[in-house]
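Trainee: Before I ask anything, let me first share the structure, which is written out below as C-alpha cells.
Chains as they are written, first to last, in this note's numbering: chain A, -5 to 287; chain B, 9 to 298.
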C-alpha cells in the first residue's frame, strides 16, 4: 500500500471530476434552494428577502395541504397495495410452480418501461369514451362501472394509485422472492413435521424472517411515492380540480407556470424535509418492532 | 396410538381437498395479475398496427391488415425519429461520463486512504435518497446561470451527476474486493497509477461496469422531469418529453400514439430480452440501497 500512498496526487486527480460535478449539480443547488425559500422572486428581477413568509403561506395554502394529503394517500396505497401483492406473488412463485420463471420475467416488464410510456398507455386505456377498460366493462354488462376514471375528481386519485401499483409491484415481488430463497428449507420442513398449516407457517416463520425486507420495502414505497411526479404529470397534471395534485406537481405549477421561484423553492425544501422525515420515522418505527420480536 | 393416526389421516384427507382448492385459487389470482400486466402491453403492440378507423370501430379486435405506415408517420411526422436520436445521444454520452468519472472516484475511494474519505463516500451515497423533485427549481436556476437551458449538456451533466451515487456505490464495493497485490505489483513493475487503472482495474471490473451501464441506460432513457424543465426546443427533446407532446397535439390518434410508445420501448425491451437477469438484479439492488 506504501507505493500507492506515495502517489497521493492521484487522489486529487481521480476524485476531482466526480466531486466537482456532484457539488455543482447536486449539493450546491440543494443549499441554494434553502436560501431561495426565504426570498420572493419571479426568476428574473432581484430577489427580495421576506423571511419566513413563504413557509407561512405554504401552511395557509389549502391546495398545498390537499397535495400533501394526496402524497400521503399515495404512500399508504403503495404500502398496502404493492407490499401484500408483491409478497403474495413471491410466495406463489417460490412454491414449486410450473412456469414460475416465465411469470417472473413477464411481470417485471412494467418496471423497465418509462413512466411516460406507462402514463400515456393507461391514459388511453382508461379513456372515458374510447378506452379499453370501459369497453370491456360495457361488454360484460357492467355499464354502471364504466366510470370517467381520470376525469372524475372523486375517483381520479384511486385510479392514479392503481396505475402506480401496476407499474411497480414487481419490484417488491423480486425483492421478496430473493428474501424467501434465503429462508433455510429445514425450518419450514420442521414446521411441516410439527403439522403447522400454510397460514401458521406464514405468520410464525416466513413473515418474521422477512421482516427486515418488509422494512426495506416500506422505505422504498415512501421514497418511491415521493418521486411519483412523472406519472401524475402525464396522466392528469394534478387535475381535475387539484384532485390528484401532489406536492411535486404543485411545486412545478407554482414555479414554472406562475413563476414564483421563491415559493417553489420553499415547497421543494418542504418536500425534501418531509420525505427524509418519513423515511427516518419509518425506519426507527420498524426497528423498534423488529427488536420486540 | 391408533386414534392419533386415524385423526391425522382424516385431517390429511381434508387438507388435501383444501389444498387443491387453495392451489386453484392461487393460480386464478396469479393468472389475473399476469393478464392485467401483459394485456395492456399486447394491446399497445397490436393497436399500433391498426388504422384509427379500425380502432374506433372495435378497440379490442386484432388488426385485420398490418398498417406499418403508423410507424412511418410516428417516426417522421410526429418527429419520434428525432427524439429517439436525441435520447440515444444523451443517454450514451451520460453513461460514458458516469463510467469514467464514477469509476475513477470509486477506485480512489476503494484503494487509497486519506482524510475525509468517509465524508466524501457518505455524501455520494446519500445522493441516492434525494428526491429529484426537491431540487428541480434550484437546478433549473443553476442551468440558466450557466446558459445551458435548451442545450443537451444540461441533460448530460445532470444525468451524470445524479448517476454518480449509484455508480460509485456499485463500483467502490466491487473494486475494494479486488486484491490490492495486483495493483501494487503493477506499480512496482513501473506502471503508473493511471495506467494500472485503465489496464487493470477497469477490465477487471467488467461485471460491475455492466450493472452500472444497464442501470444508467434505463434511468436516462426514461428520465422526464429534467428534460421537461431544461428543454423546450423541439429539435433537442428526448423521447419521454416528445411523447408527452404527442398526447397534447393528437389526442385521438391512437394508432400513431401506440406506434410511438412501441418505438420508445424497443431499446429497453431488447436490453431486457438479452440481459434479463442483470436488469432485474441491477434494478432491485439499485432500489434497495436507494
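Cβ coordinates follow ideal geometry from the N, Cα and C atoms, glycine included.
Between which two residues does the alpha helix (DSSP H) holding residue 154(B) run?
Mentor: Careful: residue 154(B) lies outside any alpha helix (DSSP H) and carries neither H nor E.
Trainee: What's the C-alpha gap between residue 123(B) and residue 117(B)?
Mentor: 11 Å
Trainee: Can you name the residues of chain A whose CB is closer than 9 Å to the CB of residue 245(B)?
Mentor: Those within 9 Å of residue 245(B) in chain A number zero; the least Cβ separation is about 12 Å.
Trainee: So, does the segment 108 to 119 of chain A touch the segment 218 to 231 of chain A, judging by three or more C-beta pairs under 8 Å?
Mentor: yes
Trainee: Where does residue 231(B) sit, in a helix, a strand or coil, going by DSSP?
Mentor: coil
Trainee: Do residue 217(B) and residue 107(B) have their C-beta atoms within less than 8 Å of each other?
Mentor: The answer is yes: Cβ separation under 8 Å.
Trainee: Just checking: is the beta-carbon of residue 132(B) within a distance shorter than 8 Å of some beta-carbon in chain E?
Mentor: Within the model displayed, chain E is absent; protein chains A and B are what it includes.
Trainee: Taking the beta carbon of residue 65(B) as the centre, do at least 16 other beta carbons fall within 10 Å, making it buried, or is it exposed?
Mentor: exposed
Trainee: Apart from the five residues just before and just after residue 231(B), which ones in its own chain have a Cβ nearer than 8 Å to its Cβ?
Mentor: Correct list, in chain order: 163, 167, 246, 248.
Trainee: Is the number of C-beta pairs between the segment 49 to 59 of chain A and the segment 227 to 246 of chain A that are closer than 8 Å three or more?
Mentor: yes
Trainee: With a cut-off of 8 Å on the beta carbons, I'd call residue 199(A) and residue 182(A) a contact; round off their distance for me.
Mentor: 6 Å
Trainee: Run down chain B in chain order and give the residues with a C-beta less than 7 Å from the C-beta of residue 228(A).
Mentor: 252
Trainee: Answer with yes or no whether the minimum CB distance from residue 65(B) to chain A is below 8 Å.
Mentor: Not an interface residue.
Trainee: Going by beta carbon distance, what residues of the same chain come within less than 7 Å of residue 141(A), once the five residues before and after it are set aside?
Mentor: 149
Trainee: Can you round the beta-carbon distance between residue 137(B) and residue 217(A) to whole angstroms, since I take them to be within the 8 Å contact cut?
Mentor: Yes, they are in contact, since the Cβ atoms of residue 137(B) and residue 217(A) sit about 7 Å apart, within 8 Å.
Trainee: Rounding to the nearest angstrom, what Cα-Cα distance links residue 157(A) and residue 52(A) in this structure?
Mentor: 29 Å
Trainee: If you measure beta-carbon to beta-carbon, which residues of the segment 12 to 27 of chain A are closer than 8 Å to chain B?
Mentor: Hits within the stretch, in order: 12, 13, 15, 16, 18, 19, 20, 21, 22, 23, 24, 26, 27.
Trainee: In this structure, what does DSSP give as the bridge partners for residue 33(A)?
Mentor: Paired residues: 43(A).
Trainee: Under 8 Å, Cβ to Cβ, is there at least one residue of chain B near residue 104(A)?
Mentor: yes
Trainee: Let me know if residue 278(B) comes out buried or exposed under the rule of 16 or more other beta-carbons within 10 Å of its beta-carbon.
Mentor: exposed
Trainee: Taking C-beta pairs closer than 7 Å, name the residues in chain B that residue 221(A) reaches, listed in chain order.
Mentor: 139, 140, 141
Trainee: Counting only C-beta atoms, is residue 135(A) closer than 8 Å to chain B at any point?
Mentor: no
Trainee: Examine chain A for any beta-carbon lying closer than 8 Å to the beta-carbon of residue 101(B), and answer yes or no.
Mentor: no
Trainee: So with CB distances below 9 Å, who are the chain A contacts of residue 135(B)?
Mentor: Those are 16, 20, 21, listed as they occur along chain A.
Trainee: The alpha helix (DSSP H) with residue 233(A) in it runs from where to where?
Mentor: No alpha helix (DSSP H) holds residue 233(A); DSSP gives it neither H nor E.
Trainee: Need the endpoints of the alpha helix (DSSP H) that residue 124(A) sits in, please.
Mentor: Unbroken run through residue 124(A): none, as it is neither H nor E.
Trainee: Would you mind telling me which residues of chain B sit closer than 9 Å to residue 124(A), beta carbon to beta carbon, in chain order?
Mentor: 63, 64, 67, 260, 262
Trainee: Measuring CA to CA, which of 127(B), 62(B), 208(B) is closest to residue 193(B)?
Mentor: 208(B)
Trainee: Can you tell me whether DSSP reads residue 143(A) as helix, strand or coil?
Mentor: coil
Trainee: Where does the unbroken alpha helix (DSSP H) through residue 106(B) begin, and where does it stop?
Mentor: 88 to 119
Trainee: Do residue 146(B) and residue 26(A) have their CB atoms nearer than 8 Å?
Mentor: yes
Trainee: Indicate whether the contact test is met: 3 or more Cβ pairs, each with one atom in the segment 121 to 132 of chain A and one in the segment 203 to 210 of chain A, closer than 8 Å.
Mentor: no
Trainee: Using three-state DSSP, classify residue 239(A) as helix, strand or coil.
Mentor: Coil, per DSSP.
Trainee: I'd like the list of long-range same chain contacts for residue 206(A), defined as Cβ closer than 6 Å, with 5 residues on each side in sequence excluded.
Mentor: none
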